[in-house]
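In order, the protein sequence lines correspond to chains A and B. Residues in the first sequence are numbered consecutively from 1, following this note's numbering. Residues in the second sequence are numbered consecutively from 1001, following this note's numbering. Built from N, CA and C at the ideal position, the CB exists for glycine as well. First the structure, in the form of structure tokens, and then the observations on it.
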Amino acid sequence: MADPMRVRAQENGGVVDVKVLMKHDMETGQRKDPAGKVIPAHHITTVTATCKGKVVFEGQFGTAVSKDPFLNFKFKGGAKGDTVSITWVDNRNDKRTDEAKIS
Amino acid sequence: MNLKRREALRLTAIIGLMAATGLISEAQAADWNKAAFDGKSLDDVLKALGGSSADKSSAVTINAPDIAENGAVVPVGVTTTLPKTQQIAILVEKNPSALAAQFLMTADTEPFVASRVKMAQTSNVHALVKADGKWYVTTKEVKVTLGGCGG
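See the structure below:
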């Protein structure tokens, strides 16, 4: 069900700049459908980034993160050619992992 | 009679198992700090994250527009020059629940994060940063022309 993410990782001066675009509805649980029923919340809860088997970044999202969340972070210790892997889990335990090579 | 009792026992066992598996998935999701995301104000969230008070700090910078036309997509970035940054949280004061997102930093992570959040209305945006065991906060007001919640 989950669509792929777009992940880009670029190394510059020893720092890897990672940009991630996740595809997710991020329903807040506040909106109502045309029949007046509340649409249940459906959102990403945790995002984890690993590089060479080490966690380099971890994020927790609430409902207030925009639809199709964008995330940008930087970490040290990655080199060109290494793989950065991003995993998200949502509140229905759906998950998705995508990878990108550092360029 | 005895058969019925067996049946009842079996049912209890199944229900017990379901509860147990339910509990397991709940334990996995416990990583996600529910109390913090339920917090309604800066103080609530700070307490749920385990801090008591936050000092105002000019070492924390919020990169957000002064005026956001669309409250559904407000770019917010946080950077800090504080050493040993462990945690960064983005809060929107007037949203139904204040905490939008929080990020956990490792020793290798640069103290920088950028994302996009929803804002219900014009409000203060707070950036909470935990560095070397202490909490720091910076606040910036973002004016919203069109709200991004409800609908």
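Using the Cα positions of B/V1117 and A/G81, report the straight-line distance between them to the nearest angstrom. As a position in the second sequence, residue 1117 of chain B is number 117, starting the count at 1. As a position in the first sequence, residue 81 of chain A is number 81, starting the count at 1. Looking at the two C-alpha atoms, the distance is approximately 32 Å.
In terms of residues, what are the limits of the beta strand (DSSP E) holding B/A1048? Taking the first residue of the second sequence as position 1, residue 1048 of chain B is located at position 48. Unbroken run through B/A1048 is the alpha helix (DSSP H), 1042-1048; no beta strand (DSSP E).
Determine the closest residue to B/T1079 out of B/Q1086, B/L1046, B/V1113, with distance taken between C-alpha atoms. By 1-based counting over the second sequence, the position of residue 1079 of chain B is 79. Here the closest residue by C-alpha is B/V1113.
First through last residue of the alpha helix (DSSP H) which encompasses B/D1038: Locating residue 1038 of chain B in the second sequence gives position 38, where the first residue counts as 1. 1034-1038 is the span of the alpha helix (DSSP H), which, as asked, contains B/D1038.
Just checking, does the segment 11-31 of chain A make contact with the segment 1060-1077 of chain B on the three C-beta pairs under 8 Å criterion? no
Looking only at its own chain, which residues have a Cβ that is under 7 Å from the Cβ of A/N91, when we skip the five neighbours before and after it? Position 91 of the first sequence, counted from the start, is the residue given in the question as residue 91 of chain A. If we look at A/N91 and ignore the five residues flanking it on each side, its Cβ neighbours are A41, H42, H43, T45.
Apart from the five residues just before and just after B/Q1102, which ones in its own chain have a Cβ nearer than 6 Å to its Cβ? Counting from one through the second sequence, the residue named residue 1102 of chain B turns up at place 102. Here the set comprises A1089.
Counted within 10 angstroms of its Cβ, other Cβ atoms place A/T63 as buried (16 or more) or exposed: Walking along the first sequence from the start, residue 63 of chain A turns up at place 63. Burial call: buried.
In chain A, what lies closer than 7 Å to B/N1124 by C-beta? In the second sequence, the residue the question calls residue 1124 of chain B occupies position 124. Residues of chain A passing the Cβ test: none, with the nearest at roughly 14 Å.
Taking C-alpha atoms, which residue in B/A1098, B/A1120, B/L1099, B/A1131 lies nearest to B/M1105? Taking the first residue of the second sequence as 1, we reach residue 1105 of chain B at position 105. Checking every option, the nearest Cα to that of B/M1105 belongs to B/A1131.
Distance between B/S1053 and B/D1043 (C-alpha atoms, nearest Å): Translated into the one-based positions of the second sequence, residue 1043 of chain B becomes position 43. Translated into the one-based positions of the second sequence, residue 1053 of chain B becomes position 53. Roughly 8 Å between the two C-alpha positions.
Measuring CA to CA, which of B/A1048, B/N1124, B/L1049, B/A1098 is closest to B/V1142? The count along the second sequence starts at 1 and reaches residue 1142 of chain B at position 142. Of the candidates B/A1048, B/N1124, B/L1049, B/A1098, the one whose C-alpha sits nearest the C-alpha of B/V1142 is B/N1124.
Taking just the CA atoms, how far does A/T83 sit from A/G77? Counted from its first residue, the first sequence places residue 77 of chain A at position 77. Counted from its first residue, the first sequence places residue 83 of chain A at position 83. Taking the straight line joining both Cα atoms gives about 12 Å.
Here's the rule: buried if 16 or more other CB atoms are within 10 angstroms of the residue's CB, otherwise exposed. What is A/S66? Indexing the first sequence from 1 puts residue 66 of chain A at position 66. Label assigned to A/S66: buried.
Are B/K1040 and B/A1100 closer than 8 Å when you measure CB to CB? On the second sequence, position 40 is the one that residue 1040 of chain B refers to. On the second sequence, position 100 is the one that residue 1100 of chain B refers to. Cβ atoms of B/K1040 and B/A1100: not closer than 8 Å.
Selected residue, minimal CA-CA separation from A/D3, among A/K101, A/V89, A/A9, A/I102: Position 3 of the first sequence, counting from 1, holds the residue named residue 3 of chain A. That would be A/V89, whose Cα lies nearest to the Cα of A/D3.
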